[in-house]
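A quick write-up on the structure given underneath.
Numbering (our numbering), first residue to last: 436 to 661.
And the structure:
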């Protein structure tokens with residue numbers, strides 16, 4: 436049984452992006468590394484020298500921007516599919532506007548005023564296409580990210596490390612986990628908290644999906660704020 440919270444810590448000096456995941460007791464559960472030589476976006480998860488998961492894009496990264504990935508176990512069996520989508524903050528709902536056109540207008544004005552950017556949401560589906568879960572930015576932390584900080588942070592080395600978004604992770608109709616980026620000046624670190632217990636099968640589909648999301652979210656922060 437996995438002991439939460441988990442810590443996801445990125446290595447600083449590696450040719451390829453690599454993250455180490457440890458449990459609440461500090462025990463290493465697995466490492467995940469991105470392949471630089473594969474024709475597709477490919478991430479390999481290893482524990483005690485054995486491959487336990489792979490996440491491989493359906494698209495070639497040479498000709499397309501990957502947006503769909505297959506999650507496989509160590510035996511190559513398909514566990515889930517991850518897809519990304521772009522979304523904006525639903526500010527209209529927060530100010531009590533329910534009319535669709537009015538809500539769209541408010542969000543358009545808000546995005547124009549603060550230089551709002553679309554943000555990725557990662558959806559997880561079963562091998563048959565059934566919706567399983569979602570990894571999405573928390574609204575409060577996203578509001579800070581939406582501010583036009585690019586010019587300010589670009590003048591401060593490694594300032595993107597000070598941006599600490601939180602992510603809500605849903606499985607079915609429940610928020611089962613939350614993930615918070617930590618404020619560090621050395622290595623990027625995220626803490627994953629469990630709010631509900633998952634079965635081993637569900638956890639096997641979800642954990643690799645979360646790690647994939649972290650790889651891309653980390654890169655997006657660098658691009659936005661450095």
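Built from N, CA and C at the ideal position, the CB exists for glycine as well. As the structure is a prediction and not an experimental result, all values here were calculated from the model.
Asked                                                                                                                        : Found
Coil, strand or helix - residue 446 by DSSP                                                                                  : coil
Start-to-end residues for the beta strand (DSSP E) that takes in residue 572                                                 : 566-572
Alpha-carbon to alpha-carbon, residue 453 and residue 485                                                                    : 16 Å
Nearest to residue 490 (by Cα), restricted to the options 559, 629 and 654                                                   : 559
Neighbourhood of residue 615 by C-beta distance below 6 Å, restricted to the same chain and skipping five residues each side : 601 and 626
Inter-residue Cα distance where the pair is residue 493 and residue 508                                                      : 16 Å
Chain B contact for residue 440 (CB, 8 Å cutoff)                                                                             : Reference to chain B is not applicable here, since this structure consists of a single protein chain.
Per-residue burial, residue 449 [other beta carbons within 10 Å of its own, 16 or more giving buried]                        : exposed
Which of helix, strand or coil DSSP assigns to residue 639                                                                   : helix
Cβ separation of residue 568 and residue 511, assumed to be a contact under 8 Å, to the nearest whole Å                      : Incorrect: roughly 22 Å between the Cβ atoms, too far for contact.
Under 8 Å between C-beta atoms of residue 473 and residue 451                                                                : no
Between the CA atoms of residue 574 and residue 633 - distance to the nearest angstrom                                       : 24 Å
Counted within 10 angstroms of its Cβ, other Cβ atoms place residue 563 as buried (16 or more) or exposed                    : exposed
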